[in-house]
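When the sequence shown is numbered by the working numbering, its final residue is 286 and no position is left out of the sequence of numbers.
Reviewing the structure listed below.
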Amino acid sequence: MYVLKHICFFLSIICFSCKQAIQNTEKTSIAIEVAKPNSKIDTSDFEKYFISKNLVELSSFDTTIKVSLIYATNQNFLKKSLYVGITKCYLPKEVILKLIDAQKFLKQDFPDYSLIVFDAVRPLSIQKKMWDELDIPNSIKINYLAHPNDISLHNYGAAVDVSIIGENQVLLNMGTEFDYFGELSQPKFEKKLFLQGQLKKEFLANRLLLRSVMIKAGFSPITSEWWHFNYTNKITAASKFSLIY
Numbered sequence: 042m043y044v045l046k047h048i049c050f051f052l053s054i055i056c057f058s059c060k061q062a063i064q065n066t067e068k069t070s071i072a073i074e075v076a077k078p079n080s081k082i083d084t085s086d087f088e089k090y091f092i093s094k095n096l097v098e099l100s101s102f103d104t105t106i107k108v109s110l111i112y113a114t115n116q117n118f119l120k121k122s123l124y125v126g127i128t129k130c131y132l133p134k135e136v137i138l139k140l141i142d143a144q145k146f147l148k149q150d151f152p153d154y155s156l157i158v159f160d161a162v163r164p165l166s167i168q169k170k171m172w173d174e175l176d177i178p179n180s181i182k183i184n185y186l187a188h189p190n191d192i193s194l195h196n197y198g199a200a201v202d203v204s205i206i207g208e209n210q211v212l213l214n215m216g217t218e219f220d221y222f223g224e225l226s227q228p229k230f231e232k233k234l235f236l237q238g239q240l241k242k243e244f245l246a247n248r249l250l251l252r253s254v255m256i257k258a259g260f261s262p263i264t265s266e267w268w269h270f271n272y273t274n275k276i277t278a279a280s281k282f283s284l285i286y
């Protein structure tokens, strides 16, 4: 209900469809080089572990979806690689198939666009490291990181962090970078920020496009991060998928 009400609100104000809003990619794209993990890292041990937990690798099913695991680089909020040995997108097969559906829905209207995955399965040990090392108040931190004791859907491979790459292989501008810690990144503040002129209509249209294809594929957005989408809830995830330590 939250998503439907807010999408309807934004579309009524913008007065044009996401497709029309994004036709001019020069206005809606941001020339950010996609982070590339260290290709020299041997991922075999992690791959064996993930496979033993019934996770599958995205490119085995779809090679058109881009992957740039931000936490395998130093281009993240801790400024260092956290995923030593993890460079590929691993998820449960049914999550992979829904992600492929979202890619198909995106390309139906925008053949030159592609989803890009910034984070997929996240081991609980990495979740704990993120929580412990991020030096901001817990009251702010909890908006962007699940406390390790609560477990994140990422720890089951039941959530993905994604965006869209447009023409010329540049990221569509969503109004903030990935992992921006502030109100501007939070969908629950989009109405206020749009009316205040802090979130441009082009950037909002890009968010709505991303949200629409992910929802159509069966994912659910959250109110605190424009890039994060859940495949299911924690109870279902715990019953269907393995917790990745």
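Ideal Cβ placement from N, Cα and C applies to all residues, glycine included.
Residue i versus residue j: straight-line alpha-carbon distance, rounded
i	j	result
residue 139	residue 101	14 Å
residue 232	residue 133	34 Å
residue 121	residue 114	6 Å
residue 248	residue 107	18 Å
residue 165	residue 98	19 Å
residue 265	residue 88	31 Å
residue 284	residue 243	38 Å
residue 240	residue 225	7 Å
residue 116	residue 279	31 Å
residue 172	residue 151	37 Å
residue 246	residue 96	33 Å
residue 125	residue 170	13 Å
residue 270	residue 256	9 Å
residue 130	residue 238	36 Å
residue 67	residue 174	Because the pLDDT at residue 67 is just 38, under 50, the model does not fix this residue reliably, and the point stays unresolved.
residue 286	residue 141	26 Å
residue 90	residue 128	14 Å
residue 288	residue 234	Past the edges of the chain, shown from 42 to 286, lies residue 288, and the structure says nothing about it.
residue 93	residue 219	30 Å
residue 215	residue 236	16 Å
residue 207	residue 190	38 Å
residue 179	residue 263	19 Å
residue 281	residue 109	26 Å
Cβ of residue i within 8 Å of any chain B Cβ
i	result
residue 255	The chain inventory of the structure shown lacks chain B, comprising one protein chain alone.
Rounded distance between the beta-carbons of residue j and residue i, thought under 8 Å
i	j	result
residue 163	residue 195	4 Å
residue 205	residue 157	7 Å
residue 123	residue 167	5 Å
Spatially closest choice to residue i from the options, by CA coordinates
i	options	result
residue 250	223, 283, 147, 106	147
residue 221	111, 276, 88, 283	111
residue 210	90, 105, 123	105
residue 201	238, 276, 252	252
residue 12	279, 119, 136, 234	Here the chain comprises residues numbered 42 to 286, so residue 12 is not present and cannot be evaluated.
residue 160	277, 174, 197, 228	197
residue 199	155, 215, 276, 214	276
residue 259	130, 135, 95, 116	135
residue 153	213, 235, 267	213
residue 181	274, 227, 141	227
residue 144	190, 203, 129	203
residue 272	190, 215, 261	261
residue 267	91, 229, 130, 94	229
residue 312	86, 90, 137	Past the boundaries of the shown model lies residue 312; the chain is included only from 42 to 286, so the question cannot be answered.
residue 254	127, 155, 90	155
residue 185	128, 207, 109, 223	223
Beta-bridge partners of residue i, as assigned by DSSP
i	result
residue 97	132
residue 156	205
residue 108	158
residue 293	Residue 293 cannot be examined here, being either before or after the span of the chain that is shown, 42 to 286.
Quick check on the DSSP output: what are the complete beta strand (DSSP E) runs of length 3 or more inside the region 210–283, in order along the chain? 269–271
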